[in-house]
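Worksheet: one structure, shown below.
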Amino acid sequence: MNRENFGTRLGAILAAAGSAVGLGNVWRFPIETGQNGGAVFIIIYILCIIFLGMPVMISEFLIGRYTHSNTAGAYRILSKGGQWHWLGKIGVYTGWFILCYYAVVGGWTLHYTYLSLINAFDDVKAAEFSNIFNDFVGNPWIPLLWFYLFMLFTHYVITRGVQSGIERASKILMPTLFIIVIFLAVSAVMLPGASAGVEFLLSPDWSKVDSKTVIEAMGQAFFSLSLGMGCLCTYASYFDESTPLAKTAVHVSVIDTMIAILAGFIIFPSVFNIGMNPNDVGVGASLTFISLPNVFQQALGEGSLMSVIFSSLFYFLLFVAALTSAISLHEVATAYVTEEFGMTRSKGAMLVTVVVLVFGSLCSLSFGPLSNITILNRNIFSVFDDLSGMILLPLGVMFISLFAGWRLDKELYREEISNHGDLPTPYFRLLIFSLRFLIPIAISLVFLDQLGLFKAIFK
Ligand code: TRP
């Protein structure tokens with residue numbers, strides 16, 4: 015079969031970085047850092063990236079590039095008739111599943127970009143921002159329309175193919191994202207009172223560090239690097255033989271971590287500028303769509319031109335970050351249906367998009383007309399979110415590391431990461447040790463922790 019590759023090494027790095035840099039960098043990492051001991055958390059996080067995240071990333075790269083196949087095909091080829099082939103299929107469906115709710119949030123970022131542009135937050139009282147958000151997501155139509163628009167962008171890029179779609183989009187969108195992040199961070203740091211925000215983010219506070227901190231850092235590292243399903247494996251199946259796998263993993267991890275830290279420089283100076291308690295800003299959706307619109311208004315002048323620019327750019331940044339991640343999720347499923355069921359790329363992409371539109375609509379409507387459908391006290395959206403984030407992805411990471419550590423032939427592993435002897439691999443034994451023991455043990459701890467959490471919910 016004729017398979018495309020990425021045309022340039024930079025394109026490959028930017029595509030993989032586009033997958034990694036997403037909502038998680040902005041709406042989780044900065045808050046987790048601030049509340050878990052600042053610089054200490056960042057150091058723990060970086061250690062998690064190096065010792066737990068990168069070995070899995072390198073393994074996913076290797077599995078993809080060695081087989082040059084979609085994720086299901088890749089694991090089937092490497093499992094040689096064994097049961098490990100399930101791992102690839104589960105990865106594909108996990109990605110498909112994540113895309114359903116992730117793209118709904120992508121739609122929200124578009125709506126908030128629009129609201130910022132028309133200066134809709136002028137004169138809104140602090141307490142009203144939660145009504146604005148709840149009315150919006152509870153509306154039966156408007157969030158759906160933005161979600162469909164978001165999927166239209168994603169679908170368009172995917173149908174254009176690997177080089178003129180994904181690679182080209184990454185080469186335009188990622189530099190745009192870097193520029194916006196730097197502009198926003200510099201503007202925020204220049205606000206009066208910003209230094210308290212920077213201090214909150216960076217000053218090391220050992221007293222806030224406990225086992226929970228480490229577990230949060232670990233979970234965040236895996237999610238942020240897009241590990242545990244097929245994203246990086248699928249992208250790596252478009253790498254050519256000379257792509258250095260370990261080095262690419264380093265580039266992607268550095269970019270991802272830098273953007274996450276810079277997001278903190280955008281958020282906390284503004285929060286401190288208006289004298290808000292950083293523990294009250296919330297995380298995730300409530301941080302992004304309820305606290306921050308207010309924070310930006312107050313910090314930059316209500317209804318002022320600067321607040322319009324700052325706020326519009328911030329939501330546009332989120333949109334770009336979400337889009338490149340959504341593209342990577344979509345590609346996993348598209349590569350799967352086209353290669354495994356012999357469809358054309360345009361038909362395969364259409365099938366993936368239609369399924370996402372159906373299930374994504376259910377997620378979107380679960381804040382409004384379908385809010386009475388709940389499982390374990392969660393609406394449909396949260397079922398998708400929690401099932402993937404708390405169960406499927408950690409299991410995915412664990413089994414990928416077991417597969418790469420125990421099942422893959424060590425010689426093959428070394429051959430591949432050294433590009434057939436061209437590159438030195440002094441880290442090889444540490445890598446295998448990490449895959450065999452460190453990562454499976456670390457994830458078991460995450461699960462044990464969650465079991466405690468589940469108990470609290472069931473009681
Ligand atoms: N890493 C992205 C973020 O930080 C989200 C994402 C994209 C993802 N693809 C993934 C997470 C695959 C886990 C697995 O928002």
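Everything in the sequence shown is counted per this note's numbering, starting at 15 for the first residue and increasing by one. Virtual Cβ for every residue (Gly too), placed ideally from N, Cα, C.
Asked, Found
"Beta-carbon contacts of His169 that lie in its chain and below 7 Å, excluding the five residues immediately before and after", "Ala363, Thr367"
"First through last residue of the alpha helix (DSSP H) which encompasses Ile58", "53-62"
"Residue from Ile446, Ser342, Ile77 whose Cα sits closest to the Cα of Thr173", "Ser342"
"Gly289 to Ala208 span [Cα, whole Å]", "10 Å"
"Identity of the residue in Ala299, Leu306, Ser339 nearest Asn291 by Cα", "Leu306"
"Proximity below 8 Å, CB of Ile304 to CB of Ser130", "no"
"Three CB pairs or more closer than 8 Å across the region 324-339 and the region 186-203", "yes"
"Inter-residue Cα distance where the pair is Ala349 and Thr108", "14 Å"
"Reduced DSSP secondary structure (H/G/I, E/B, other) of Ile389", "strand"
"Integer-rounded CB distance, given that Ser321 should sit under 8 Å from Gln311", "5 Å"
"Backbone secondary structure at Trp155 - three-state DSSP", "coil"
"Rounded straight-line distance, which links the Cα of Leu407 to that of Gly25", "26 Å"
"Among Gln464, Pro69, Gly21, Asp400, the one whose alpha carbon lies nearest that of Ser178", "Gly21"
"Cβ-based burial, Asn386 [other Cβ within 10 Å; buried from 16]", "exposed"
"Collapsed DSSP secondary structure at Pro44 in the structure displayed", "helix"
"CB of Pro283 within 8 Å of CB of Ala53, strictly", "no"
"Val118 to Pro383 span [Cα, whole Å]", "16 Å"
"Thr47 and Leu332 closer than 8 Å at C-beta", "no"
"Ser396 to Lys222 span [Cα, whole Å]", "28 Å"
"Span of the alpha helix (DSSP H), counted from its first residue to its last, around Lys222", "It is not in any alpha helix (DSSP H) - Lys222 carries neither H nor E in the DSSP assignment."
"beta-carbon Ser339 near the ligand TRP non-hydrogen atom, thresh 7 Å", "yes"
"Same chain only: Cβ atoms within 7 Å of Glu18, ignoring 5 sequence neighbours per side", "Gly175, Val176, Gln177, Tyr252"
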